[in-house]
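Engineer: If you read the protein sequences in the order shown, they are chains A and B.
Residue numbering for the first sequence follows this note's numbering, beginning at 1 and increasing consecutively.
Residue numbering for the second sequence follows this note's numbering, beginning at 115 and increasing consecutively.
Dumping the structure here so I can ask a few things about it.
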Amino acid sequence: GENVEQHPSTLSVQEGDSAVIKCTYSDSASNYFPWYKQELGKGPQLIIDIRSNVGEKKDQRIAVTLNKTAKHFSLHITETQPEDSAVYFCAANGEGSGTYKYIFGTGTRLKVLA
Amino acid sequence: NAGVTQTPKFQVLKTGQSMTLQCAQDMNHEYMSWYRQDPGMGLRLIHYSVGAGITDQGEVPNGYNVSRSTTEDFPLRLLSAAPSQTSVYFCASQQGNTEAFFGQGTRLTVV
Numbered sequence: 001g002e003n004v005e006q007h008p009s010t011l012s013v014q015e016g017d018s019a020v021i022k023c024t025y026s027d028s029a030s031n032y033f034p035w036y037k038q039e040l041g042k043g044p045q046l047i048i049d050i051r052s053n054v055g056e057k058k059d060q061r062i063a064v065t066l067n068k069t070a071k072h073f074s075l076h077i078t079e080t081q082p083e084d085s086a087v088y089f090c091a092a093n094g095e096g097s098g099t100y101k102y103i104f105g106t107g108t109r110l111k112v113l114a
Numbered sequence: 115n116a117g118v119t120q121t122p123k124f125q126v127l128k129t130g131q132s133m134t135l136q137c138a139q140d141m142n143h144e145y146m147s148w149y150r151q152d153p154g155m156g157l158r159l160i161h162y163s164v165g166a167g168i169t170d171q172g173e174v175p176n177g178y179n180v181s182r183s184t185t186e187d188f189p190l191r192l193l194s195a196a197p198s199q200t201s202v203y204f205c206a207s208q209q210g211n212t213e214a215f216f217g218q219g220t221r222l223t224v225v
């Protein structure tokens, strides 16, 4: 079945350093790849997304890259701050089925050390 | 602008009890879904709906029922609670192949 693998499961970085989280997906029909941030006790919130016709997208300190050939996409956070500490989830979706189902990765707990 | 509202936020059930988790959205989204979140396993899809009167199973549907009588509401029913259903449950809504908006979650403990 469809699968999204996410690594690492935990990541600790010093404030100001960069953080990279990587995901791979199995369904070649997937064409929408969102990233969600989940703070303690809250629901996930979208932070950035990318579609399959684009290789890279940036939003201030956050960027996402997509390699469709390798079925691989990554989240890059630069100049990390303590408020970036949270759990991050990648997901893959596809229009082929028409149901817009998401398959989520298992999450990365990011800790930014002050 | 409430977005997606889930109730209750916390619930403790005894094994064998039944209950309904409520979910409502005010964005007129066609697509709604229920996920459960367990440590180390991410978010797993339980059931989803592509519009009023249409529901389908996700990855982990056993032990749960859903219905969609209106665009706004998508309740999740636990028929006979089991300890394995201890989890955090999230409802989400979206319009098409785009951002999903999540509720704040319901933390359920089955003893």
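Just so it is clear, CB atoms sit at the ideal spot from N, CA and C, and this is done for glycine as well.
In this text, all values refer to a predicted model and were calculated from it rather than measured experimentally.
Could I get the ranges of all uninterrupted beta strand (DSSP E) runs contained in the stretch 52-95 of chain A, with 3 residues as the minimum, in chain order?
Structural biologist: 56-59, 62-67, 72-77, 86-94
Engineer: Would the stretch 151-170 of chain B and the stretch 182-191 of chain B be scored as touching if the rule is three or more Cβ pairs under 8 Å?
Structural biologist: Three or more Cβ pairs closer than 8 Å define a contact, and the stretch 151-170 of chain B meets that threshold against the stretch 182-191 of chain B.
Engineer: Can you tell which of A:Tyr-32, A:Lys-22, A:Thr-65, A:Gln-60 has its C-alpha closest to the C-alpha of Tyr-88 of chain A?
Structural biologist: Translated into the one-based positions of the first sequence, residue 88 of chain A becomes position 88. Here the closest residue by C-alpha is A:Lys-22.
Engineer: Between Glu-95 of chain A and Phe-104 of chain A, what straight-line distance do the alpha-carbon atoms span, to the nearest angstrom?
Structural biologist: In the first sequence, residue 95 of chain A corresponds to position 95, counting from 1. In the first sequence, residue 104 of chain A corresponds to position 104, counting from 1. The predicted position of Glu-95 of chain A is uncertain, since its pLDDT is 47 and thus under 50; no value can be drawn from it.
Engineer: Exposed or buried, Lys-101 of chain A, counting other C-beta atoms within 10 Å across all chains shown (16 or more means buried)?
Structural biologist: Taking the first sequence and counting its residues from 1, the one referred to as residue 101 of chain A is at position 101. So Lys-101 of chain A counts as buried.
Engineer: In this structure, how does DSSP classify Ser-12 of chain A when only helix, strand and coil are distinguished?
Structural biologist: Position 12 of the first sequence, counted from the start, is the residue given in the question as residue 12 of chain A. Of the three classes helix, strand and coil, the one that applies to Ser-12 of chain A here is strand, per DSSP.
Engineer: Taking only beta carbons into account, state which residues of the stretch 125-153 of chain B come closer than 7 Å to chain A, listed in chain order.
Structural biologist: For chain A, the residues of the stretch 125-153 of chain B that bring a beta carbon within less than 7 Å of one of its beta carbons are Tyr-145, in chain order.
Engineer: Check the DSSP bridge columns for Gly-249 of chain B and list the partner residues they point to.
Structural biologist: Nothing in the structure corresponds to residue 249 of chain B, since chain B is present only between 115 and 225.
Engineer: Could one say the Cβ of Asp-17 of chain A lies closer than 8 Å to chain B's Cβ atoms, at least one of them?
Structural biologist: The residue given as residue 17 of chain A occupies position 17 in the first sequence. No - not a single Cβ of chain B is within 8 Å of the one on Asp-17 of chain A.
Engineer: Go ahead and pull the three-state DSSP assignment for Ser-198 of chain B.
Structural biologist: Along the second sequence, read from residue 1 onward, the residue named residue 198 of chain B stands at position 84. Helix at Ser-198 of chain B.
Engineer: The beta strand (DSSP E) spanning Leu-193 of chain B covers which residue range?
Structural biologist: Taking the first residue of the second sequence as position 1, residue 193 of chain B is located at position 79. Note, Leu-193 of chain B: premise wrong, no beta strand (DSSP E); not H, not E.
Engineer: Any heavy atom of the ligand COA closer than 7 Å to the Cβ of Met-146 of chain B?
Structural biologist: Among the ligands in the structure shown, none appear at all, so the ligand COA cannot be discussed.
Engineer: Distance, Cα to Cα, Leu-157 of chain B vs Val-225 of chain B?
Structural biologist: Position 43 of the second sequence holds residue 157 of chain B. Position 111 of the second sequence holds residue 225 of chain B. Rounded to whole angstroms, Leu-157 of chain B to Val-225 of chain B spans 22 Å at the Cα level.
Engineer: State the CB to CB distance for the pair Lys-71 of chain A and Ser-26 of chain A, rounded to an integer number of angstroms; the pair is presumed to be in contact (CB under 8 Å).
Structural biologist: Residue 71 of chain A sits at position 71 when you count from the first residue of the first sequence. Residue 26 of chain A sits at position 26 when you count from the first residue of the first sequence. Between Ser-26 of chain A and Lys-71 of chain A the Cβ distance is about 7 Å, and since that is below 8 Å, they are a contact.
Engineer: By the three-class DSSP mapping on this structure, what secondary structure does Thr-129 of chain B have?
Structural biologist: Within the second sequence, the letter at position 15 stands for residue 129 of chain B. Coil.
Engineer: What is the rounded straight-line gap between the Cα of Cys-90 of chain A and the Cα of Ala-114 of chain A?
Structural biologist: One-based indexing of the first sequence puts residue 90 of chain A at position 90. One-based indexing of the first sequence puts residue 114 of chain A at position 114. Rounded to whole angstroms, Cys-90 of chain A to Ala-114 of chain A spans 25 Å at the Cα level.
Engineer: Please confirm if Gln-218 of chain B has its CB atom under 8 Å from at least one CB of chain A.
Structural biologist: Along the second sequence, read from residue 1 onward, the residue named residue 218 of chain B stands at position 104. Answer yes: the Cβ-Cβ gap between Gln-218 of chain B and chain A drops below 8 Å somewhere.
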